[in-house]
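Residue numbers (mature numbering (1 follows the signal peptide of the UniProt record, and there is no 0)): -19 to -1, 1 to 155.
Note that beta-carbon positions come from the ideal geometry of N, C-alpha and C, so glycine has one too.
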């Protein structure tokens, strides 16, 4: 009887300790963990949050279908290239514009304008401007698992010479 009453307390204590560890890691990097796939803007914000926390597998996951296409080897090779592309990235700042939406055939496409400033581990700042395209398959037509969340399907970013705060938002009409 005493064990039955004590077990839930152990679970709560263990869960609290795990949450504190995650928060400590996030605070050490200056970022708070953010993972939200509710809107296209939230996905892009979550994507860069993962990059800033060096959680490259999580960042990569925002580009994946619920059921990955291709072999595990091919997926691991794509991920390795993706991860290695951030080898010298210390931090990324993000500005988001208003998404442009286009719907059809049980899908919603969103084009999200962004301006980002990437800081390298050597202290170099580079500003990029461009558009992310995301797709959301209507949840009402998904009668399979795993669920296919809103995901990034394309990104077109170009290096610009503007100041991060002053750079105009790109036109991302679909």
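Residue 117 burial status per 10 Å Cβ neighbour count (16 or more: buried): Taking the first residue of the chain shown as 1, we reach residue 117 at position 136. Within a 10 Å sphere around the beta-carbon of residue 117 sit 16 or more other beta-carbons, which makes this residue buried.
When DSSP labels each residue in this structure, what does residue 196 get in the three-state scheme? In the structure as shown, the chain begins at -19 and stops at 155. Residue 196 is therefore absent and cannot be evaluated.
The beta strand (DSSP E) with residue 168 in it runs from where to where? It is not possible to answer for residue 168, since the shown part of the chain is limited to -19 through 155.
Integer Cβ distance of residue 102 from residue 61, believed to fall under 8 Å: In the chain shown, the residue the question calls residue 102 occupies position 121. In the chain shown, the residue the question calls residue 61 occupies position 80. The Cβ separation is near 19 Å, so there is no contact.
Mind pulling the beta strand (DSSP E) runs of 3 or more residues that sit fully within the region 7 to 83? Counting only runs of 3 or more, we get 70 to 77.
Relative to the C-alpha of residue 138, which residue among 39, 87, 153 and 23 is closest? Counted from its first residue, the chain shown places residue 138 at position 157. Cα-wise, what sits closest to residue 138 is 153.
Among 30, 108, 22 and 85, which has the Cα closest to the Cα of residue 94? Here the question's residue 94 lines up with position 113 in the chain shown. Of 30, 108, 22 and 85, the residue nearest in Cα terms is 22.
Let me confirm a value: residue 115 is counted as buried when at least 16 other C-beta atoms fall within 10 Å, else exposed. Which label applies? Looking up residue 115 in the chain shown gives position 134. Buried.
Is residue 91 helix, strand or coil by DSSP? Start at 1 with the first residue of the chain shown, and residue 91 comes out as number 110. Here residue 91 sits in strand by DSSP.
Let me know if residue 28 comes out buried or exposed under the rule of 16 or more other beta-carbons within 10 Å of its beta-carbon. On the chain shown, position 47 is the one that residue 28 refers to. Counting Cβ neighbours within 10 Å, residue 28 comes out buried, since at least 16 surround it.
For residue 145 versus residue 64, is the C-beta distance shorter than 9 Å? Here the question's residue 145 lines up with position 164 in the chain shown. Here the question's residue 64 lines up with position 83 in the chain shown. For residue 145 and residue 64, no; Cβs fall outside 9 Å.
Just how far apart, CA to CA, sit residue 9 and residue 143? Residue mapping note: residue 9 aligns to position 28 of the chain shown, counting from 1. Residue mapping note: residue 143 aligns to position 162 of the chain shown, counting from 1. Note that residue 9 scores 48 on pLDDT, short of 50, meaning its location in the model is unreliable and no value can be drawn from it.
Any chance the region 72 to 92 sits against the region 117 to 136, with 3 or more Cβ pairs inside 8 Å? yes
Where does residue 5 fall in DSSP's three states? Position 24 of the chain shown, counting from 1, holds the residue named residue 5. With a pLDDT of only 34 at residue 5, under the threshold of 50, the placement of this residue in the model should not be trusted, and no figure is reported.
Check whether residue 44 and residue 134 have beta carbons under 9 Å apart: Position 63 of the chain shown holds residue 44. Position 153 of the chain shown holds residue 134. Closer than 9 Å, so yes.
Which residues share a DSSP beta bridge with residue 135? Within the chain shown, the letter at position 154 stands for residue 135. Residue 135 is bridged to 114.
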